[in-house]
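Here is the structure we will look at, set down as structure tokens.
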Amino acid sequence: MLILKVRKILTLIILCTVTKCAIAQEKSPVKFGKISLDDFSPYTGDTSYGAVIIADIGSTSFVGNKKGWFSHVFKRYTRIKILNQKAFALATQQLYLYKNGDNKEELIDISGAVYTNDNGKINDVRLDKRGVFEEQYSANFLAEKFTLAGVKAGAIIEYTYTIKSDFDFRLHPWEFQNMQYPCLWSEYQVAIPGLMVYAFARQGFNNFYINKAWVSHENYLVTEQTNSNYASNSRDLNVGTPTNNQRWVMKDIKPARIESHMSSPKNYIDKIEFQLNKVSDGETFKDVANNWDKMSEELLKDKDFGESLNETPDWLGNTINKVAADNDELQNAKNIYYYVRDNFICIHYPNYNDINIKTSLEDVFKKHSGNEGEINLLLILMLRQKGYTADPVMLSTRENGFNPGSYPILDRLNKVICKLQSGGKAYFLDASKRHAGFGFLTEGCYNGVARVINASHPDSVNLSTDSIKETKVVLINIINGENGTLDGTAGETHGIFQSFNMREAIGAQPGNAVKVLKEYCPAGLQVTDVTADSLTQPELPLKLNYNFTINTNKEENFYFNPFIGQFLEKNPFSANERMFPVQMPYCMQNVYIFNMEVPEGYKVVEVPKSIRLKLGETDGGFDYLIAVANGHIQLQCSIRLNKANFDPDFYDALRNFYADIIKKQSEQIVFKKL
Amino acid sequence: MCRRLLMLTFLASVVMYTNAQYPVALIADSLLKNARVVVRLQERIYEIKSPGKATEHERSVFTILNESGASFGGYSTYYNKFVDLNNVSGTLYDASGKEIKHIKKKDMSDHSVSDEETLMTDTRYKEYDFGYGVYPYTVDFEEDDDINGILELGDWLPQQASGIAVQENRYVIITPADYVLRYKCMNGAPAPVITEQSGKKVYTWDVKNVPAKFREDNAPSWRQLVPYVMVSPSLFEAQGYKGDMSSWQTYGKFIYDLLQGRDVLPDDIKKKVHELTDGITDPYQKIYTLYDFMQKNTRYISIQLGIGGLQPFDANFVATKHYGDCKALSNYMVALLKEAGIKGNSVVIFGGRDFVPVEENFSNDQFNHVVACVPMQKDTVWLECTSQTESPGFMGSFTGNRKALLIDETGGYLVSTPVYTAHENQQVRNVQATIDASGNLDANLITCYKGTTEELPHALIYEISKEDRQRYLNSVLNLPTYQVDKSDYKEIKGRLPQVNESLHITSPAYASVTGKRLFLSPNLFNKSQQRFSIDSVRKYDVEFKFGNTYIDSVNLQIPIGYTPEAVPKNIDITTKFGKYKMTIQIDGTSIKCTRYFESDAGRFSPADYLDLVKFYEDIYKADRSKIVFVKKEG
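Line by line, the protein sequences give chains G and S. Using our numbering, read the first sequence as starting at 47 and increasing by one per residue. Using our numbering, read the second sequence as starting at 269 and increasing by one per residue.
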């Protein structure tokens, strides 16, 4: 904790003679406990959400504490109108208090009430404070749960609480947008003493109705503990300092939507977060902002993370020599990777972070299990023991939301993988997934900026979805069989992600591989001889083979769709409008090559026309090229998406592109009896 | 020296060998076949000291053969006011039987069972997962508990799930000599060996070497497929309450006693009841009015504290707080009815669409939910009190088609809840649609849902916002690309509630135009997805718990100038599983397509399986059949 240099404070006050500006601002529309009959007048907006948040008002201000510094006080007041039973659940609320060791956030005040209009008379039921239950929510959070009594349709509920916190680095963020309910007024105000400088990080799409900053002068009572040799004393300091105020208001915000093909909606809701950059002792500002150099250094010293990576542990015994006994450098790295992958199962410790070591790598090694972080850190340790350059890489997965990249926020990161340097090439490895191949990362890892944790150069790595491509190639060959049947052979080479999914599905049902594989065959066909190539070679794409028979039934007209159930049945972009960007997990190429003998006794009377379509200028394309020659029909079809991220503005084009593809793929070949 | 050392090493290896616990090599091949887990030994010794006190010793030694069995490598156990966890320990062995790790109670993580709907519960659980990385491995967990208050003894289900083989499973119950233990052996479970020693009676069930079984899709519930034993006390005691479970009547009496005196309403609510109902003469209307009042003024919250797991919060609590759990809300409803001079009852029931029928010849707690009912002269009005939107009298798939225990002053007796057959669960749809020259579809749908088919649209009305509903409608239909631009829902409440839905849908290129031909599937909106696998010979019955009827009639207009080239044949199939009928009539540019599909509830033997497969394959195909039109030349 920084101790203020008292004498210098005075100077500071004199220097910063910023005039306090009185700004006429629109006030918050409501106040706790101030309810009138007018508040019960019918809501004119969309009542089908079940509730409308009339106002959600938060503030963070600072007070001097007894540790010679400041604590911050977060106040929240929320008023909600319950429109119908859909939103009754809102009467039960949960809030979270952070704790770390002995230090924890403190709930210093909580009240709530439910108001109903009983024939022109306002009834209220107050929150019974005995009805606030505390529960351990996770390793670092306590949950305070309460429920308001007396809720029914038309009721107005209110609650307000105050949390006091000593965690400078955890200023309460504010979400202006709710995931479920519309909000008429969302407001956040901060008042930060000039001795602390926070950076604001803002995300979202809606505009502020009010966004004002001003400086005021405030006095803070700070108590300092002074330890002399003889006694422990405390002294009170009255610290006057300019205070930076800012107020943000948003009005009439629709709830955020969870849409298809997007990473976490957390990335898009309107929100403000804070990062502590500088603090002053009254004399000089000290840079306390976290940066990756600092963070890397800390992480590498942390016994829950990097401390053991540079040790030469005896508990590994002879394992590395046994496992990596090849002459080839890369092969040895692979051997170590597959050893870790196959001998350590990935588990999640309840209430524990997946990026940290819970016990020790030695324990992980002995019990043959660990969380994602432990397994990949063990992999790094073992690679280093064999002389490889291997470093941890930290990232935030797609479901977890964006990693801000330039500024390290550990809470935002939820995965550790390994970066291996071998033969002038970099490989990213994840040994926590049993069916992953060497160099394979699951879709979720491709979420933008990741960070190599390395003392000398903690580089950022861009794991972008635009940089990876899922390629699927399907080959179909159909020849005449006996008695008016057609015999088909299919070979489908799947992309790396689908191959991984299929291997996982098969792994989950040992002994049932064929049954599982059948589920990946076209639904409308009776398939036989289902096999898979390179099922156990995870670095290769999985190839699915099967045979099928088609019967012409010797009908006068034989109608045949060349995609044998392989085409898209539904537009993947079903919604007809879009709020947020489209984020596909990867770029994509689907190739379909089809060759068919004209059925015996038939002639071709109609084939679909060949076409080529473009998506944007270069964003994607669709080819459908069909030809009839020498008694054969040949079709080559491909669908390409050359990028993975599209703006909401581009949504219609994307949707129409797929509509056109489906339309084309539904066309049929017509054969007539000779 | 050297020799001595050698000797020691030799000894050590012998000791190692004899210390090996449950090596995998000792498992019989018959048990390994297709299994994911082998129960090496599972043992439960339950010693009843008195009707309210017992001790329990449990041991579970499981060998996990592969990753699909991984979830059995962990252990979790709960505790609350009834159960004191004295001791839990676990040991992990590798395939050879070498001990890898040993854990104690303090190493386990501790959690509340609380979920989103739970405000407070005093039940917590401890868990631990070895999650060893090298298959196969064996875990051995032991637990000792003190039981304070016995409401159930726990059934014996030696084979707890698909894919689990059992080397040995034992269940031992020790009782005082005069204690009346009740049990019922189900599905061919063995009878216990009963011995008496020093004033105690010992009941022992034991099975050995049972290969893994696999439940198939649409098979009856697991408990209807495997042997198990229902076990229950007669006289029991918990937290100062005493009861007798030996008949439904006496068990009902116990629950009735817990309700005693808990139906007192505050004066303002009493007044309200009279205000609402005194002017009504029809008793049904009185019930509906009070049910509506209850729905509008309460909500569901789960609170499970001590005996509160059984005894409801009283009517006054619900009246003032406006919330309660299922038993508290049902009790409140009965109290409201009583004030209006109508006698209602709480009914203990199993809630859930996937239910095991109540074993009527064995009275014990086979339930998880409470509803209210009002027996009338001719029929009974059933009331689900945890819903703010359900129709009075409608039980639906959550509590319909089953037996339940009605509680009254004489005790309790089993009653049947309303039965919803394929006839009641009916969806009738009328479609007026046109297809233009490019194949674009424009359709108006009017659909009437009744019975259990009403449950989904009911949720669309009452549980989600219009925006979410719109998004749902625009993703759920089986059309290539489409837009639902108008949707409207109305519910007609009643004993058999009904939702009328009206939709307007456009779908570009619904019909496929290739050159001069138009391909059109006239069954626009009801294509069956149900298919059954024929990969292996069917072993178990197929069961459908609810029947449904779907009636569709589609009137389609197509562009002028086309003549039919190929028209699917009309189909009419009647089987023991149901009926299916599809007709197509073409008259110039209008097409009329009718579809009737009735799937009946029932349990069908494996011998019928191939017929069932064929029935559903025929429907799958017919539902997707296409009419081919050709453009007239010139």
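Every residue gets a Cβ at the ideal spot worked out from N, C-alpha and C, and that includes glycine.
| Asked | Found |
| --- | --- |
| Residue 243 of chain S - DSSP class collapsed to helix/strand/coil | Given that chain S is displayed from residue 269 to residue 902, the structure contains no residue 243 of chain S and the question cannot be resolved. |
| Residue 199 of chain G versus residue 311 of chain G: straight-line alpha-carbon distance, rounded | 29 Å |
| Supposed contact pair residue 294 of chain G and residue 254 of chain G - C-beta distance, whole angstroms, cut 8 Å | 5 Å |
| Inter-stretch contact at 8 Å, needing at least 3 Cβ pairs: the segment 490-499 of chain S / the segment 561-569 of chain S | no |
| Exposure label - residue 469 of chain G; buried when at least 16 CB within 10 Å | exposed |
| Rounded separation between residue 185 of chain G and residue 377 of chain G - CA only | 40 Å |
| is_contact[residue 772 of chain S, chain G] using C-beta, thresh 8 Å | no |
| Residues near residue 254 of chain S in its chain [Cβ-Cβ closer than 6 Å; skip 5 each side] | Only positions 269 to 902 of chain S appear in the structure, and residue 254 of chain S is not among them; the question remains open. |
| Separation of residue 504 of chain G from residue 149 of chain G, as counted between CA atoms | 31 Å |
| Candidates G:161, G:178, G:180 and G:176, of which the one nearest residue 170 of chain G by Cα | G:161 |
| Residues, ordered as in the chain, of the segment 583-596 of chain S that lie near chain G by beta-carbon distance below 9 Å | 588, 589, 590 and 591 |
| Distance, residue 638 of chain S Cα to residue 896 of chain S Cα | 56 Å |
| Nearest-angstrom Cα separation, counted from residue 180 of chain G out to residue 220 of chain G | 23 Å |
| Bridge partner(s) assigned by DSSP for residue 841 of chain S | S:848 |
| Per-residue contacts from residue 132 of chain G into chain S (C-beta, under 7 Å) | 730 and 731 |
| Residues that DSSP places opposite residue 242 of chain G in a beta bridge | G:325 |
| Paired residues, beta bridge with residue 688 of chain S - DSSP | None, per the DSSP bridge assignment. |
| Same chain, Cβ closer than 7 Å to residue 677 of chain S, five either side skipped, listed in chain order | 524 |
| Buried or exposed by the 16-neighbour rule on C-beta atoms within 10 Å, applied to residue 83 of chain G | exposed |
| Chain G within 8 Å of residue 336 of chain S, Cβ atoms only | yes |
| Chain G contact residues for residue 743 of chain S, given Cβ-Cβ distances below 9 Å | 306, 616, 620 and 621 |
| Member of G:653, G:699, G:670 and G:524 whose CA lies at the smallest distance from the CA of residue 663 of chain G | G:699 |
| Within-8 Å CB hit, residue 378 of chain G to chain S | no |
| Extent of the continuous alpha helix (DSSP H) run through residue 338 of chain G | 338-347 |
| Reference residue 689 of chain G, options G:511, G:501 and G:608, closest by Cα | G:511 |
| Residue 488 of chain G to residue 553 of chain G span [Cα, whole Å] | 16 Å |
| Any chain G beta carbon closer than 8 Å to residue 399 of chain S | yes |
| Beta-carbon spacing of residue 817 of chain S, residue 669 of chain S below 8 Å | no |
| Residue 437 of chain S, DSSP secondary structure in three states | strand |
| Amino acids of chain S, ordered along the chain, whose beta-carbon sits closer than 8 Å to that of residue 652 of chain G | 782, 783, 784 and 785 |
| Delimiting residues of the beta strand (DSSP E) encompassing residue 696 of chain G | Neither: residue 696 of chain G is in no beta strand (DSSP E) and is coded neither H nor E. |
| Interface flag, residue 356 of chain G vs chain S, CB-CB below 8 Å | no |
| Residues near residue 514 of chain G by beta carbon distance below 7 Å, same chain, minus five either side | 492, 632 and 633 |
| Beta carbon proximity, residue 480 of chain G to chain A, threshold 8 Å | Reference to chain A is not applicable here, since the protein chains of this structure are G and S. |
| Contacts that residue 389 of chain G makes with chain S (C-beta to C-beta distance below 7 Å) | 401 and 402 |
| Continuous beta strand (DSSP E) stretch holding residue 599 of chain S: start and end | Per DSSP, residue 599 of chain S belongs to no beta strand (DSSP E); it is in the alpha helix (DSSP H), 594-607. |
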